[in-house]
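Numbering (full-length UniProt numbering), first residue to last: 1 to 178.
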């Protein structure tokens, strides 16, 4: 369904979708005005869901890092670390081992994906706010007859100017002025 948010889709997918939905037809402004709140609502809700996914991914990352840290401290050799004479491993070695742990890296990728998705949807929501302003501007242009034929008064002024130029040309010809 169009309204369903799919967290498995990439940030790029949503960027492309928002680009398409941001377009509007200036000759159907009444319909575009009507659609704007629904579009904004949909994208705002999607952004909210993406923020929740990002927070969950961040929490998962912290949890996995904590678990790996504890596991390293319990059995440093399992992670390729050699304890000193007292059975201790340097903090910097533990931190480095946590950062390169495959499980941590996998969850970190999920976090980055969720982060990118949330940022893309945030950008889309801001774009839909801007779309609203553009629709207003287009409406103002219509009200001020920007897209209409020239007004009767403007046509009359143009005709008067043409007639005045014709009279001036006739006068110059009559006098022999080129």
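C-beta: ideal position from N, C-alpha, C; glycine also.
Since the structure is predicted, the reported quantities are computational estimates derived from the model, not experimental observations.
Legend entry - Alpha carbon of residue 170 to alpha carbon of residue 141, nearest angstrom: The sequence position of residue 170 within the chain shown is 170, counting from 1. The sequence position of residue 141 within the chain shown is 141, counting from 1. So the two alpha carbons sit approximately 40 Å from each other.
Inset, instruction - Examine the ligand ZN and report whether any of its heavy atoms sits within less than 6 Å of the Cβ of residue 168. - result: Among the ligands in the structure shown, none appear at all, so the ligand ZN cannot be discussed.
Inset, instruction - Using alpha carbons as the reference points, say which of 96, 41 and 146 lies closest to residue 65. - result: Looking up residue 65 in the chain shown gives position 65. Here the closest residue by C-alpha is 96.
Inset, instruction - Measure the CB-CB distance between residue 127 and residue 22 and report whether it falls below 7 Å. - result: Position 127 of the chain shown, counted from the start, is the residue given in the question as residue 127. Position 22 of the chain shown, counted from the start, is the residue given in the question as residue 22. Taking 7 Å as the Cβ cut-off, residue 127 and residue 22 qualify as a contacting pair.
Legend entry - Alpha-carbon spacing of residue 84 relative to residue 100, whole angstroms: Position 84 of the chain shown, counted from the first residue, corresponds to residue 84. Position 100 of the chain shown, counted from the first residue, corresponds to residue 100. Residue 84 and residue 100: Cα-Cα distance of roughly 21 Å.
Legend entry - From 118, 155 and 163, residue whose alpha carbon lies closest to that of residue 58: Within the chain shown, the letter at position 58 stands for residue 58. Minimum Cα distance to residue 58 is reached at 118.
Inset, instruction - Tell whether a beta-carbon distance below 7 Å holds between residue 29 and residue 138. - result: As a first step, residue 29 must be located in the chain shown, where it is residue number 29. As a first step, residue 138 must be located in the chain shown, where it is residue number 138. In contact: residue 29 and residue 138 (Cβ atoms closer than 7 Å).
Legend entry - Coarse secondary structure for residue 28, derived from DSSP in three states: The sequence position of residue 28 within the chain shown is 28, counting from 1. Of the three classes helix, strand and coil, the one that applies to residue 28 here is coil, per DSSP.
Inset, instruction - Kindly indicate which residue of 4, 17 and 61 has the alpha-carbon position closest to the one of residue 123. - result: In the chain shown, residue 123 corresponds to position 123, counting from 1. Checked all of 4, 17 and 61; the closest Cα to residue 123 is 17.
Legend entry - Straight-line Cα distance separating residue 42 from residue 132: Here residue 132 corresponds to residue number 132 of the chain shown, with the count starting at 1. Here residue 42 corresponds to residue number 42 of the chain shown, with the count starting at 1. Straight-line Cα distance between these residues: approximately 14 Å.
Legend entry - Where residue 69 sits in the DSSP three-state scheme: Here residue 69 refers to the residue found at position 69 when the chain shown is read from its first residue. The answer is helix: DSSP assigns residue 69 an H, G or I state.
Legend entry - Other residues of its chain near residue 164: CB distance less than 7 Å, five sequence neighbours each side excluded: Looking up residue 164 in the chain shown gives position 164. Here the set comprises nothing.
Legend entry - Integer Cβ distance of residue 107 from residue 60, believed to fall under 8 Å: Numbered from 1 along the chain shown, position 107 holds the residue referred to as residue 107. Numbered from 1 along the chain shown, position 60 holds the residue referred to as residue 60. With 8 Å as the limit, residue 107 and residue 60 qualify as a contact, their Cβ atoms being about 5 Å apart.
Legend entry - Residue from 86, 102 and 62 with nearest C-alpha to residue 79: Mapped onto the chain shown, residue 79 falls at position 79. Nearest of 86, 102 and 62 to residue 79, Cα basis: 102.
Inset, instruction - Measuring alpha carbon to alpha carbon, tell me which of 167, 49 and 70 ends up nearest residue 9. - result: Counting from one through the chain shown, the residue named residue 9 turns up at place 9. That would be 49, whose Cα lies nearest to the Cα of residue 9.
Legend entry - Residue interval of the alpha helix (DSSP H) (run including residue 8): Within the chain shown, the letter at position 8 stands for residue 8. Taken as a continuous stretch (DSSP letters only), residue 8 belongs to no alpha helix (DSSP H), as it is neither H nor E.
Inset, instruction - Could you name the residues of the same chain whose beta carbon sits closer than 7 Å to that of residue 51, not counting the 5 residues immediately before and after it, in chain order? - result: Mapped onto the chain shown, residue 51 falls at position 51. Around residue 51: 118.
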